[in-house]
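K.L.:
Please read through the structure below; I'll follow up with questions.
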Amino acid sequence: MKKLKIILSCNITYIFLFFILIIRLFYNIYFLERNSEYEVSDNSFFCTIEKYHINGNQLKINLNCKELVIGYYYFTTEKDVYEFEKTFEIGDFVFIKGSLELINSNNNFNIFNYRKYCYYHDVFYNLKIETIDYIGKSSNFIYIIKNFITNRIKELKSYAYVSAFILGDKDNISNSVLNNYKTIGVMHLFAISGMHVSILISIIGLLFRKNSIFKFIFSLIFLIIYFFIVGSVSLLRSVVWFIISYICIFFEIKISLYRKLFILTFVILMINPFYIFDIGFWYSILISSTIILLQKKIKNKNYFGRLLYVSFVSFLVSLPINIYNFFEINLLSFVYNLFIVPFISFLFPLSIFVFFFPFLDNFFFFLIKVLENISNSFSSINSIVIFMKPSFLIIIFYYIIVFLIFKNKKFLIILFCFLLIHFNYNKIFDSNFLLFLDVGQGDSILIHSDNYNVLVDTGGIMKYYDEKWKKSNDFSIAENTIIPILKSYGISKIDFLILTHGDYDHMGESINLINNFNVEKVIFNNDNYNDLELGLIKTLEKKNVLYYKNIKELNIGNNKLYFLNDKVYDNENDNSIILYTKINNYKFLLMGDAGVKVEQDLIDKYNLADIDILKVGHHGSRTSSSKFFIDNINPKYSIISVGKNNRYGHPNKEILDILDSSNIYRTDIYGSIMFKFKKDRLKLQTYL
62 MKKLKIILSC
72 NITYIFLFFI
82 LIIRLFYNIY
92 FLERNSEYEV
102 SDNSFFCTIE
112 KYHINGNQLK
122 INLNCKELVI
132 GYYYFTTEKD
142 VYEFEKTFEI
152 GDFVFIKGSL
162 ELINSNNNFN
172 IFNYRKYCYY
182 HDVFYNLKIE
192 TIDYIGKSSN
202 FIYIIKNFIT
212 NRIKELKSYA
222 YVSAFILGDK
232 DNISNSVLNN
242 YKTIGVMHLF
252 AISGMHVSIL
262 ISIIGLLFRK
272 NSIFKFIFSL
282 IFLIIYFFIV
292 GSVSLLRSVV
302 WFIISYICIF
312 FEIKISLYRK
322 LFILTFVILM
332 INPFYIFDIG
342 FWYSILISST
352 IILLQKKIKN
362 KNYFGRLLYV
372 SFVSFLVSLP
382 INIYNFFEIN
392 LLSFVYNLFI
402 VPFISFLFPL
412 SIFVFFFPFL
422 DNFFFFLIKV
432 LENISNSFSS
442 INSIVIFMKP
452 SFLIIIFYYI
462 IVFLIFKNKK
472 FLIILFCFLL
482 IHFNYNKIFD
492 SNFLLFLDVG
502 QGDSILIHSD
512 NYNVLVDTGG
522 IMKYYDEKWK
532 KSNDFSIAEN
542 TIIPILKSYG
552 ISKIDFLILT
562 HGDYDHMGES
572 INLINNFNVE
582 KVIFNNDNYN
592 DLELGLIKTL
602 EKKNVLYYKN
612 IKELNIGNNK
622 LYFLNDKVYD
632 NENDNSIILY
642 TKINNYKFLL
652 MGDAGVKVEQ
662 DLIDKYNLAD
672 IDILKVGHHG
682 SRTSSSKFFI
692 DNINPKYSII
702 SVGKNNRYGH
712 PNKEILDILD
722 SSNIYRTDIY
732 GSIMFKFKKD
742 RLKLQTYL
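To convert, take the position in the sequence shown, counting from 1, and add 61; that gives my numbering.
Below is the structure:
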């Protein structure tokens, strides 16, 4: 042990470990080739069930085959659901027939990319399951324990929360409730981490003498088993910290907190270098490390003082992470924590008692409903501030200021000023850009000019409602793509939402957008309102949002948007709003779904020669973009907004040939496409 003490007391040790860690990170992230062991043509798989979740008629199942695979299956009857749950458990060996599909990638700037997330977790494919056959049960001790816990709590009214607190599985808590927790900034409390481990160790400590070797050994075995059951990075951090702390206590190794924290980070990233991309890792390491380093200040306060101080420290430390990943902060989140932290601190140990004594379920369920009502009330308070996505340099600067605050509170003023500049970035630093979002088979275009924001169309995936299962497909392009993108550019409101026409792929997400974002005015085309537009108008009137039609032009700062299509034709596509404008002397033309007849009328009426940027009509369909029209406008860049492998066969090959003299960019190939206008320069950037 003397040698270990000397080694851990030496600065060279930590310098050496730092370089070892850097080499491992760079090698694994940039040089180690990570490929699937499967070919996309493979269709039969021997797997172990790691986890599954049933939502209506959809089964989502995590499978450990040659590698981790995420499988999906759709039941046809409720009896099938019952039979599946009766037959299969976690850890079961199964034989599956199905087809592999690449995981969807969100091909838009700034926002969460699910394919990358899966890649960092060694998941390369989704598996569309056709048949799943039972082979046998596993004798693995971890699976047996997990099934025992799951089966015991499955019939509880509070199953969703007991499962979340004990197993770290939040899948059964409704999305609306989880969104409330995210909005008020308390979602991290549901991750099994330091607070939960401290409570568990305290319970174990009741069985042993203080700091006895038996307490350490039993606690260590328990935590390791618990980690393999739950498997979260926040729990791994707590387990590793527990081991480091007790080794130092038992062997009387005195090293600084900073060195302990470095060893902690080193061990976690050596176990899995890709944890460095895990937001939970950063929350866990930074918040817990800061609280540990400030523990002397915390101990000197009373209970409510400690609670307020820890909440405010957590708020400050997580602020740059939240801005970088979610483009917003809730100014009152540290206040909400004052109410929610004691609640969770009580609910977690109570969930353990509910596990052993199910008669407490009704009382626990009552408290859960109280918690949900409180979070719902808090989430209705508008205390969210939106910030554009910062660079890594700005994030580093944020953290320098945050940690200086712990030395001198006067730096709070500097932080406030820095946040104020960041919040007003678009006003201080003039930026003009045109962004074509990738919304699949549809259109959505953002015009940002002189701090005005115009969104042209919203895209939209056709909705369905299954009467049998009383369930609809609930993926929202507005909530998952458009709104996060708007926030990432520091946009807190849409000045004008222009809906080119009433087709679903152009305005299908408009109601979701209106319900979840600040939209000031809506502009419709000149045609009569169809059912989709009338449905939106009901929402607009309920929200007191102004709407117009028959518009000729709009002022957007120093620029004008011209509405060129003033005729009424006999079909929805030809009645599309057609927009023309100049930004920094660059001309662009957005054609909606207008066809050849409209193109002829435009050429007869306007001089549209030498267009710099053309949004190609009707996704590159043969009904638009005639050779006569393209030759007349002579576009430099032709943008086609189109879904990958769409059923319409867009864009048409003949149209691509007609557009061949221009630079063609397609959202199905390039993802989102941005044009930045800077004085006399036009900068093109694509996501892929």
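Note that beta-carbon positions come from the ideal geometry of N, C-alpha and C, so glycine has one too. Computed from a prediction, not measured in an experiment: that's the story for all the values here.
#1: Per the contact definition of three or more C-beta pairs closer than 8 Å, is the segment 452-464 in contact with the segment 300-307?
#2: If you draw a straight line from the alpha carbon of Trp-530 to that of Ile-193, how long is it in whole angstroms?
#3: Which value, in whole angstroms, describes the spacing of the CA atoms of Ser-306 and Lys-321?
#4: Quick one: give me the first and last residue of the alpha helix (DSSP H) that Ser-224 is part of.
#5: Could you spell out where the alpha helix (DSSP H) holding Thr-138 opens and where it closes?
#6: Touch check for the segment 223-238 and the segment 382-395: three-plus C-beta pairs under 8 Å?
#7: Pick out the complete alpha helix (DSSP H) segments inside the segment 130-217, 4 residues or longer, and give them in chain order.
#8: Just how far apart, CA to CA, sit Glu-94 and Val-402?
#9: Among all the DSSP beta bridges, which residues are the ones paired with His-742?
#10: Among Asn-693, Gly-653 and Leu-284, which residue has its Cα nearest to the Cα of Thr-684?
#11: List the DSSP bridge partners of Val-583.
#12: Under the assumption that Ile-638 contacts Asn-626 (Cβ atoms under 8 Å), give the Cβ distance between them as a whole number of angstroms.
#13: Excluding the five sequence neighbours on either side, which residues of its own chain have a C-beta within less than 8 Å of the C-beta of Ser-293, listed in chain order?
#14: Hey, how far is the Cα of Asn-693 from the Cα of Phe-338?
#15: Locate the alpha helix (DSSP H) running through Asn-398, then write down its first and last residues.
#16: Taking Lys-582 as the reference, give the member of Phe-327, Asp-588 and Leu-574 with the closest Cα.
#17: What three-state label does DSSP hand Ser-345 in the structure shown?
#18: Based on the DSSP secondary-structure assignment, which residues constitute the bridge partners of Thr-747?
#19: Between which two residues does the beta strand (DSSP E) harbouring Val-517 extend?
#20: Since Ser-105 is in the beta strand (DSSP E), which residue starts that stretch and which ends it?
#21: I need the boundaries of the alpha helix (DSSP H) containing Val-328, first residue and last residue.
#22: Is Glu-570 buried or exposed, if buried means 16 or more other CB atoms sit within 10 Å of its CB?
#23: Could you tell me which of Glu-98, Val-371 and Ile-206 sits nearest to Gln-356, measuring between CA atoms?
#24: Exposed or buried, Tyr-641, counting other C-beta atoms within 10 Å across all chains shown (16 or more means buried)?
#25: In the structure shown, what three-state DSSP assignment does His-711 receive?
#26: By a C-beta neighbour count over all protein chains shown, 10 Å radius and 16 as the cutoff for buried, is Ile-67 buried or exposed?
#27: Give me the Cβ distance between Leu-749 and Asn-169, rounded to the nearest whole Å; I'm assuming they're in contact under 8 Å.
#28: Name the residue from Phe-376, Phe-327 and Phe-92 whose alpha carbon lies nearest to the alpha carbon of Thr-351.
#29: For the beta strand (DSSP E) that contains Asn-125, what are its first and last residues?
#30: What span of residues does the beta strand (DSSP E) with Val-258 cover, start to end?
#31: Taking C-beta to C-beta, are Ser-199 and Phe-154 nearer than 8 Å?
#32: If you run the structure through DSSP and keep just helix, strand and coil, what is Val-463?
#33: Taking the DSSP output, what are the residues bridged to Val-446?
#34: Would the segment 137-152 count as touching the segment 472-488 if we require 3 or more Cβ pairs under 8 Å?
#35: Exposed or buried, what is Tyr-88 when buried is set at 16 or more other beta-carbons lying within 10 Å of its beta-carbon?
#36: For Ala-221, count neighbouring C-beta atoms within 10 Å of its own C-beta (all shown protein chains included) and say buried if the count is 16 or more, exposed if not.
P.N.:
Here's the rundown:
#1: No: fewer than three Cβ pairs fall under 8 Å.
#2: Note that Trp-530 scores a pLDDT of 44, beneath 50, so its modelled location is shaky and nothing firm can be said.
#3: Rounded to the nearest whole angstrom, the CA to CA distance from Ser-306 to Lys-321 is 8 Å.
#4: 220-228 is the span of the alpha helix (DSSP H), which, as asked, contains Ser-224.
#5: Neither: Thr-138 is in no alpha helix (DSSP H) and is coded neither H nor E.
#6: They do not touch, by the three-pair rule.
#7: Runs of the alpha helix (DSSP H) inside the segment 130-217: 139-148, 175-181 and 202-214.
#8: About 43 Å.
#9: In the sequence as presented, His is not what sits at residue 742; that position holds Arg. Arg-742 is bridged to Lys-739.
#10: It is Gly-653 whose Cα lies nearest to the Cα of Thr-684.
#11: For Val-583, the pairing in a beta bridge is given by DSSP as Leu-558 and Tyr-608.
#12: The Cβ separation is near 6 Å, so the contact holds.
#13: Closer than 8 Å at Cβ, skipping near neighbours: Gly-229, Ala-252, Ile-253, Ser-254 and Gly-341.
#14: Spanning the two alpha carbons is a distance of roughly 49 Å.
#15: Its alpha helix (DSSP H) spans residues 394-417.
#16: Answer by Cα proximity: Leu-574.
#17: Ser-345 carries a helical assignment under DSSP once its states are collapsed to helix, strand and coil.
#18: Paired residues: Ile-734.
#19: Looking at the DSSP string, the run of the beta strand (DSSP E) that includes Val-517 is 513-517.
#20: From DSSP, the beta strand (DSSP E) with Ser-105 extends over 105-116.
#21: 318-332 is the extent of the alpha helix (DSSP H) around Val-328.
#22: Glu-570 should be labelled buried.
#23: The option with the nearest alpha carbon to Gln-356 is Val-371.
#24: Its Cβ being crowded by 16 or more others within 10 Å, Tyr-641 is buried.
#25: His-711: coil per DSSP, three-state reduction.
#26: By the neighbour-count rule (16 or more Cβ atoms within 10 Å), Ile-67 is not buried but exposed.
#27: The C-beta separation of Leu-749 from Asn-169 comes to about 10 Å, leaving the pair out of contact by the 8 Å criterion.
#28: Of the listed residues, the one whose Cα sits closest to Thr-351 is Phe-376.
#29: Taken as a continuous stretch (DSSP letters only), the beta strand (DSSP E) holding Asn-125 covers 119-125.
#30: Segment 255-266 is the alpha helix (DSSP H) holding Val-258; no beta strand (DSSP E) there.
#31: Closer than 8 Å, so yes.
#32: Here Val-463 carries a helix assignment [DSSP, helix/strand/coil].
#33: The partner list for Val-446 (beta bridge, DSSP) reads Ile-390.
#34: No contact exists between the segment 137-152 and the segment 472-488.
#35: By the 10 Å Cβ count, Tyr-88 comes out exposed.
#36: Under this definition Ala-221 is a buried residue.
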